[in-house]
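K.L.:
Which chain is which? The protein sequence lines are A and B, in order. At position 40 of the first sequence the residue is numbered 127 (the working numbering), and the sequence of numbers has no breaks. At position 39 of the second sequence the residue is numbered 43 (the working numbering), and the sequence of numbers has no breaks. All residues carry an ideal CB built from backbone N, CA and C; glycine is no exception. Remember, predicted model here, so these are calculated numbers, not experimental data.
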Amino acid sequence: DTEVTQTPKHLVMGMTNKKSLKCEQHMGHRAMYWYKQKAKKPPELMFVYSYEKLSINESVPSRFSPECPNSSLLNLHLHALQPEDSALYLCASSQDFRIPGELFFGEGSRLTVL
Amino acid sequence: DAKTTQPPSMDCAEGRAANLPCNHSTISGNEYVYWYRQIHSQGPQYIIHGLKNNETNEMASLIITEDRKSSTLILPHATLRDTAVYYCIVHNNAGNMLTFGGGTRLMVKP
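1. Who are the near neighbours of L175/A in its chain, counting only those whose CB is closer than 6 Å to its CB and skipping five residues on each side?
2. Between I67/B and N58/B, is the Cβ-Cβ spacing less than 8 Å?
3. Return helix, strand or coil for P187/A, following the three-state DSSP convention.
4. Sort Q46/B, K7/B and S45/B by Cα distance to Y38/B and report the nearest one.
5. Report the neighbours of A167/A on chain B: residues whose CB is nearer than 8 Å to its CB, in chain order.
6. Using a C-beta cutoff of 8 Å, does P48/B count as contacting chain A?
7. Please work out which residues of its chain come closer than 8 Å, Cβ to Cβ, to H81/B, disregarding the five sequence neighbours upstream and downstream, and give them in chain order.
8. Under a Cβ-count criterion, where at least 16 other Cβ atoms within 10 Å of its own Cβ denotes burial, should E35/B be classed as buried or exposed?
9. Using beta-carbon positions only, say whether K73/B and I43/B come within less than 8 Å of one another.
10. In angstroms, rounded to a whole number, what distance separates the CA positions of T199/A and K96/A?
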């Protein structure tokens, strides 16, 4: 299994809602990542988890709250988002954050904030 | 990580080789060159990576110049399904994360 699975594929939420994006991998990878991608722009790194601990936070606003409950799961909790947060949110995993290697990406969750 | 420069767009005829250039003149000795592509509305997909030597796999070939200041990704027989944005990324061993630049939008035409 070389897949990274993201749910939901599409999400529409209001600015006062609380929702979560989920990401799952069963490749035994110990590094997991969240990227944000606006239309016609390259992906931008948001967070990196290494061995279930948050290693990098690229100055992301607190309305985005990541969580890594175990080595296979990564969540992104969303609260009080703004319309400009509408984007494709990509999850990725790799074998080990300390070792250069391939990142496996999911198909993404397309978020629309009304 | 070193900065990369790629042409914003390129066209290629179906069945012909697609040669995608990338400049990375500030690359340092321990930095790898990675190539990913992103087909419309999908997540990025790893293609190939290298440090000094040329590399080949079932998808593509990577040619790195001797001074390592530039590289070329070669898709030997482009198909319509190769239409995508191709990202050249340089990064070192200080954490396995990718910083994406603008990429090259490759359009393969019949």
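P.N.:
Quick look at the numbers:
1. Q124, G195 and R197
2. yes
3. coil
4. K7/B
5. Those within 8 Å of A167/A in chain B number zero; the least Cβ separation is about 27 Å.
6. yes
7. G19, R20 and A21
8. buried
9. no
10. 11 Å
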